[in-house]
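Its first residue numbered 26, the sequence shown is counted upward by one per residue in the numbering used here. Glycine included, every Cβ here is placed at the ideal spot set by N, Cα and C. If you're wondering where the values come from, they're calculated on a predicted model, not measured in any experiment.
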Amino acid sequence: METIKRVWGVNEDVYSPEKFSHQVEKLPVSVYLIGRSMFGYYLEKIEDKFEFTHKIYGLERSLIDRVKRTYEGGSSNLGILLNGIKGTGKTVTAKQICNELSLPVILINQAFENMSDVAEFIADIEQDVIVFFDEYEKIFKGGDDSMLTIMDGALNNEFRKVFLLTTNNLRINDNLIQRPGRIRYLKTFGNLTLENILEIVEDKLKFPEFKDETIQFISQLELITVDIVSAIVQEVNIHQESPSNFENVFNVEKIRGSHDVYKISKGTNGKATEEKIFSGANVSPYYISKEHSIGDSLYINKKYFGEIEEVIDNHTVR
């Protein structure tokens, strides 16, 4: 008995699975949203690829290259989970991965009444695709595991799926954690690095006389994202003033983390000794570098402790 191959019926930018249509056999490389009508699920093309209208800072180039090489060198499904609060770069990295792999992208950014039917719809797609879940934990609430079978490749072994998940926290199905067969790469995005901060400040700051004060202020923040750094630089540019002039009204929080603090002293014989002087202290600035931190004020438990005279490494100062 001859097998009827599923192809796609096309109406403008809407692609519906049709058994007897001869219009399109393969989905073109584009970005699609899943929709549902009275006839079932369909895909709506929303753009050719993910576009960025702004400069990208702190691009995770090494991770993107690793994912691409793993996909090209493998033969099974591939899962990537990018975790972090909003503004830390996880969604930008996910979109860059999609663009680099040059596969059709099925973007799922909302929950449907029956996610098991969505999983079956995806399993029936007869070509290699990326399935991109933006804020996965909001889509699959309550430990819904309807996607796990497809991630394992049990329903569709002939065609490969790249499962790309972003989450704002790791409160997701335990069967996704420490299971590289399902999620091979798990990357947690945190504060920007000092290198990223410098790149943004140097690129956007119009008044270089405020550069050092701006970097020092940013380095003392509890949360450091592209959006926050850009907003601070914009405030400096608009008012032509140091961040110290607006820190009491600006909607950011300074570091409240805890660190053990050691005092390093050099004896008369030239030998350095260290003494633990604080346990669980609140220390700022958060970022310390040999190039930019000499002479900066060091605060411990929100009290001025002195100026940084020497930076031994990025975590040790005198």
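Its chain contains ASN216, LEU217, ILE222, ILE243 and TYR311 as the residues whose beta carbon lies nearer than 8 Å to that of ILE249, once the 5 sequence neighbours on both sides are disregarded; these appear in chain order.
Beta-bridge pairing by DSSP links ARG61 to TYR66.
Taking C-beta atoms as the reference points, GLU227 and SER267 fail to come closer than 8 Å. Annotated as proximal: ARG185 and SER101, with beta-carbon spacing under 8 Å. The C-beta of GLY109 has 16 or more other C-beta atoms within 10 Å across all chains shown, which makes the residue buried.
Cα atoms of GLN245 and GLY34: separation of roughly 56 Å, rounded to the nearest angstrom. Under DSSP, SER41 forms a beta bridge with GLY34. In the pairwise beta carbon analysis, the segment 186–195 is classified as touching the segment 152–171: at least three pairs are separated by under 8 Å. Take GLN152, set aside five residues on each side of it, and the residues of its chain with a beta-carbon closer than 8 Å to its own are LYS51, LEU52, PRO129 and PHE184, in chain order. In this structure, GLU300 and LYS288 form a Cβ contact; the two beta carbons are roughly 5 Å apart against a cut-off of 8 Å.
Taking the Cα positions, MET176 is about 47 Å away from GLU272.
Taking a contact to require three or more Cβ pairs closer than 8 Å, the segment 116–124 and the segment 137–153 do not qualify as touching.
Minimum Cα-Cα distance from ASP142 among the listed residues THR118, GLY98, ARG91 and GLY60 corresponds to GLY60. Considering only ILE202, PHE232 and ASN139, the residue with the shortest C-alpha distance to LEU107 is ILE202.
Closest in alpha carbon position to HIS264, among PHE232, THR118 and GLU162, is PHE232.
Comparing alpha carbon positions, the residue from SER171, ILE131 and ILE89 closest to GLY114 is ILE89. In this structure, the beta-carbon distance from ARG204 to LEU103 does not fall below 8 Å. Bridge pairing for ALA297: LYS291 [DSSP]. Within a 10 Å sphere around the beta-carbon of GLY292 sit fewer than 16 other beta-carbons, which makes this residue exposed. For LEU132, the enclosing beta strand (DSSP E) starts and ends at 130–133. Relative to the Cα of GLU72, the nearest Cα in the group GLU220, ASP38 and PHE146 belongs to ASP38.
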